[in-house]
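Student: So for the sequence shown, my numbering puts the first residue at 5; every next one is plus one.
Idealized CB from N, CA, C, for every residue including glycine.
A quick note: this is a predicted structure, and the numbers were derived from the prediction, not measured.
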Amino acid sequence: MDIDDPSIDLDLQPGTLVAVLAGNPAGIFFSECLLGAFPSGINLVLLSHEALPDGSATHRHLPVNESGLQQLTQMLDTSVTCPLGVVCGWPGLLPDSFIDRFHGRLLNVHAGDLPRYRGAGGGSWQVLNNEHAICADVQQMWPRVDAGPILLREH
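Structure follows, in structure tokens:
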């Protein structure tokens, strides 16, 4: 495990807006885990192609498109607590102004050894290169693709 910046505040106060941008099933699973860990305390917003399986009313589901990002941006602008965001396989680049709204609390779950495998397909490149140890990173998102500090690394 590598920790480049242990000072990032990941505290979730009651009512904290937690946005999960899920471009793959890992984001759905992560959202379910969050709701289980904080059943009465967070305001979860899920941007994904599908809603959580149980149809839970404890979160809001938005589409993976420009409209969904605009709705989330409006929610971020009116949030009274500092939001937390988690990106799991998002299918495109996020605007710098969107990343900035999280004040350093936007995390990227990246399936690939950073910085070697920046961008989409990091896990696939590890398999194609016949690597025997697959790596996944959690990093703080910066406006430059996959360039923020690595907070957690698992092999």
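For Asp9, does the three-state DSSP call read helix, strand or coil?
Tutor: Locating residue 9 in the sequence shown gives position 5, where the first residue counts as 1. In this predicted model, Asp9 has a pLDDT of only 48, less than 50, meaning its place in the structure is not dependable; the value taken from the coordinates is given anyway. In this structure, Asp9 counts as coil in the three-state DSSP scheme.
Student: In chain order, what residues of the same chain lie with their CB nearer than 7 Å to the CB of Asn28, ignoring the 5 residues before and after it?
Tutor: One-based indexing of the sequence shown puts residue 28 at position 24. Excluding residues within five positions, the ones whose Cβ falls inside 7 Å are Cys92, Gly93.
Student: Suppose contacts are defined by Cβ-Cβ distances below 8 Å. Is Leu111 in contact with Val68 by that definition?
Tutor: Mapped onto the sequence shown, residue 111 falls at position 107. Mapped onto the sequence shown, residue 68 falls at position 64. No, they are not a contact pair.
Student: Less than 8 Å between the beta carbons of Asp81 and Leu118, yes or no?
Tutor: By 1-based counting over the sequence shown, the position of residue 81 is 77. By 1-based counting over the sequence shown, the position of residue 118 is 114. No, the Cβ-Cβ distance between Asp81 and Leu118 is not below 8 Å.
Student: Quick one: Cα of Gly125 to Cα of Cys139, how far?
Tutor: Stepping through the sequence shown from its first residue, residue 125 is reached at position 121. Stepping through the sequence shown from its first residue, residue 139 is reached at position 135. For Gly125 and Cys139, the distance between alpha carbons rounds to 12 Å.
Student: Look at Val24 and Phe33 and say whether their C-beta atoms are less than 8 Å apart.
Tutor: Within the sequence shown, residue 24 is the residue found at index 20, counting from 1. Within the sequence shown, residue 33 is the residue found at index 29, counting from 1. Going by C-beta atoms, Val24 is not nearer than 8 Å to Phe33.
Student: State the Cα-Cα distance for the pair Thr85 and Arg120, rounded to the nearest angstrom.
Tutor: For the purposes of this step, residue 85 is taken as the residue at position 81 of the sequence shown. For the purposes of this step, residue 120 is taken as the residue at position 116 of the sequence shown. Their backbone Cα atoms lie some 35 Å apart in a straight line.
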